[in-house]
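Participant: Heads up: the sequence shown begins at 1207 in the numbering used here, then just goes up one per residue.
Note that CB positions come from ideal geometry on N, CA and C, so glycine has one too.
Please find one structure pasted underneath; my questions will follow.
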Amino acid sequence: MSRLFGTDGVRGLANRELTAALALGLAQASAVVLTKGHHAEARRAEGRRPVAVVARDPRISGEFITAAVSAGLASSGVDVLDAGVIPTPAAAFLVDDIGADFGVMISASHNPAPDNGIKFFAFGGTKLPDEVEDRIEAAMSEPQLMPVGGDVGRIRRFADAEDRYVLHLLGALPNRLDGIHVVLDCAHGAASAVSPEVFTDAGATITLIGADPDGMNINDGVGSTHLDNLAAAVLEHGADIGIAHDGDSDRCLAVDASGAVVDGDQIMAILAVAQKEHGRLAHDTLVATVMSNLGLIRAMADHGITVRQTRVGDRYVLEDMNEHGFTLGGEQSGHIVFSDYATTGDGILTGLSLVARMAETGKTLAELAQVMTVFPQILINVKGVDRERLAGDEGVAEAVAAFERELGDSGRVLLRPSGTEPVVRVMVEAADQETADRVAHALADVVRERLAL
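Quick look at the structure:
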């Protein structure tokens, strides 16, 4: 039986794979596992019930899934604070802010509208480690003694959820954004109300696109996975910068005044240099993943900043940051984590910080992005191969070694097996596009031949 939890909670086609019954069962199991901490026991000792924050993005299916999750929690003796439609990082912040025992976010992030997902945050607003997710999954098949009478939970609206988050974001800003014209693309998602409010309160002039969610248009041709409309809007309105969120606003990508994309690696480079200048970059270290561009590592070295690289996934970036006390990390995809202010990637905070750096320095985004040179990067997904044989295949290892010798210090090679599919991902970076393309396709051919099913 395959694991229910994926890399970012439980996801699937709403009402087909992610059903109301599954949501109810997950909620009841989470109530068992996530209320065993001393904080929950202290509440019980005082005659109070455990508390969970529940939130969602605007997908139409989020309404019935929220109802099922809330019912599962309340039937298990947990009081529910329903925060409504807010970003994922807002839900995580609120769990920590009010001292809730845990939180539940109902979202499928950048996936299309028919999909949905359920992810959990532990006490403090942190993502769950694999072993805790496994305990929740196991608890779903175990009989539970359900509370009755006055021991069942209550469901209440979290009336000031958005206001708390807005004040938190404004408090994290180092300076105001006056004089900067920003086009905001909210992906018709969870940031559609709060992001324009915060940017306006911080002094920016804003133009909005992708901020009219109807339950079915989330991520549809807009947001951080579809940047063409944002680039066009920046050019049309003569804006200084475009900021794109995804459906649940845990990531941020940008375009400069010419419409050129500024990705997560470039954003991290800009913000790492800013934090170091202000003495806020802990241990002069940035945490990225193995997929981050070689240009990032080179640029940071030039500024006396060490780059640590983790497995792909913001949860692994977070784990490394938390373990070693680092303050900035993220992914090329735009998941950026500021551990002084957030327990997960926060797309609005990232966008605010980027615009604040423009306002502070008086530089354009294009000028700031010159801090790093992006190496051409080619990624090929080789399908229909045995990913389990990748690590031990001598032919593949020899090919990798040969290409690494050829590229020298001017490039790199990375092979990664998919965690769920018969796929090996071949990534090559080189000093020029032609070399990167040639090496990537040649190596993909070797993988295809050696590991064919």
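#1: Tell me the residue span of the beta strand (DSSP E) that contains residue 1385.
#2: Does residue 1236 pass the burial test, meaning 16 or more other C-beta atoms within 10 Å, or should it be called exposed?
#3: When the Cα atoms are used, what is the spatial distance from residue 1346 to residue 1280?
#4: Is the separation between the beta-carbon of residue 1561 and that of residue 1551 shorter than 7 Å?
#5: Would you call residue 1462 buried or exposed, if buried means 16 or more other Cβ atoms sit within 10 Å of its Cβ?
#6: Does the beta-carbon distance from residue 1448 to residue 1389 come in below 7 Å?
#7: How many Å lie between residue 1301 and residue 1606 at the Cα?
#8: What residue from 1506, 1257, 1629 has the CA that sits closest to residue 1494's CA?
#9: In the DSSP output, what is residue 1322 paired with across the bridge?
#10: Contact check, residue 1556 vs residue 1473 under 8 Å by CB: the rounded distance?
#11: So the beta strand (DSSP E) residue 1302 belongs to, where does it begin and stop?
#12: Tell me, please, which residues DSSP counts as bridged to residue 1458.
#13: With distances taken between CB atoms, is the gap from residue 1408 to residue 1379 smaller than 7 Å?
#14: What are the boundary residues of the beta strand (DSSP E) that residue 1285 is part of?
#15: For residue 1359 versus residue 1284, is the C-beta spacing smaller than 7 Å?
#16: Quick check: residue 1619 and residue 1609, are their CB atoms within less than 7 Å of each other?
#17: Verify whether the separation of the beta carbon atoms of residue 1414 and residue 1402 is less than 7 Å.
#18: Are there three or more Cβ pairs, one per stretch, closer than 8 Å when the region 1588–1602 is compared with the region 1621–1640?
#19: Inspect the CB distances between the region 1346–1357 and the region 1292–1309 and report whether three or more fall short of 8 Å.
#20: Here's the rule I'm using: 16 or more other beta-carbon atoms within 10 Å means buried, otherwise exposed. How should residue 1242 be labelled?
#21: My output table needs one value for residue 1571: the three-state DSSP class, helix, strand or coil.
#22: Give the DSSP bridge partners of residue 1623, in chain order.
#23: Contact defined as beta carbons within less than 8 Å: I believe residue 1432 pairs with residue 1395. What is the distance between those atoms, to the nearest angstrom?
#24: Return the first residue and the last residue of the alpha helix (DSSP H) that residue 1641 is part of.
#25: Can you confirm whether the region 1569–1586 touches the region 1465–1483 when touching is taken to mean that 3 or more C-beta pairs between the two stretches lie within less than 8 Å?
#26: If we define contact as Cβ-Cβ less than 7 Å, is residue 1340 a contact residue for chain B?
#27: State the Cα-Cα distance for the pair residue 1436 and residue 1257, rounded to the nearest angstrom.
#28: According to the Cβ coordinates, are residue 1425 and residue 1509 closer than 7 Å?
#29: Can you list, in chain order, the residues of its chain whose CB lies under 6 Å from that of residue 1521, leaving out five sequence neighbours each side?
#30: Given this structure, state the Cα-to-Cα distance separating residue 1286 from residue 1429, to the nearest angstrom.
#31: So does the region 1327–1342 actually touch the region 1266–1274, counting three or more Cβ pairs closer than 8 Å?
#32: Classify residue 1512 as helix, strand or coil using the three-state DSSP reduction.
#33: Tell me the residue span of the alpha helix (DSSP H) that contains residue 1341.
#34: Using the C-alpha atoms, what's the distance from residue 1306 back to residue 1249?
#35: Shortest alpha-carbon distance to residue 1265 belongs to which of 1313, 1442, 1275, 1278?
#36: Please tell me whether residue 1412 and residue 1565 are closer than 7 Å, where the distance is taken between their beta carbons.
Facilitator: This is what the structure gives:
#1: Per DSSP, residue 1385 belongs to no beta strand (DSSP E) and is neither H nor E.
#2: buried
#3: 16 Å
#4: no
#5: buried
#6: yes
#7: 45 Å
#8: 1506
#9: 1218
#10: 6 Å
#11: No beta strand (DSSP E) contains residue 1302, which is instead part of the alpha helix (DSSP H) from 1294–1304.
#12: 1451
#13: yes
#14: 1285–1291
#15: yes
#16: yes
#17: yes
#18: yes
#19: no
#20: exposed
#21: helix
#22: 1630
#23: Between residue 1395 and residue 1432 the Cβ distance is about 12 Å, and since that is not below 8 Å, they are no contact.
#24: 1639–1656
#25: yes
#26: Absence of chain B from the displayed structure is noted, only one protein chain being present.
#27: 39 Å
#28: no
#29: 1333
#30: 30 Å
#31: no
#32: strand
#33: 1336–1345
#34: 10 Å
#35: 1313
#36: no
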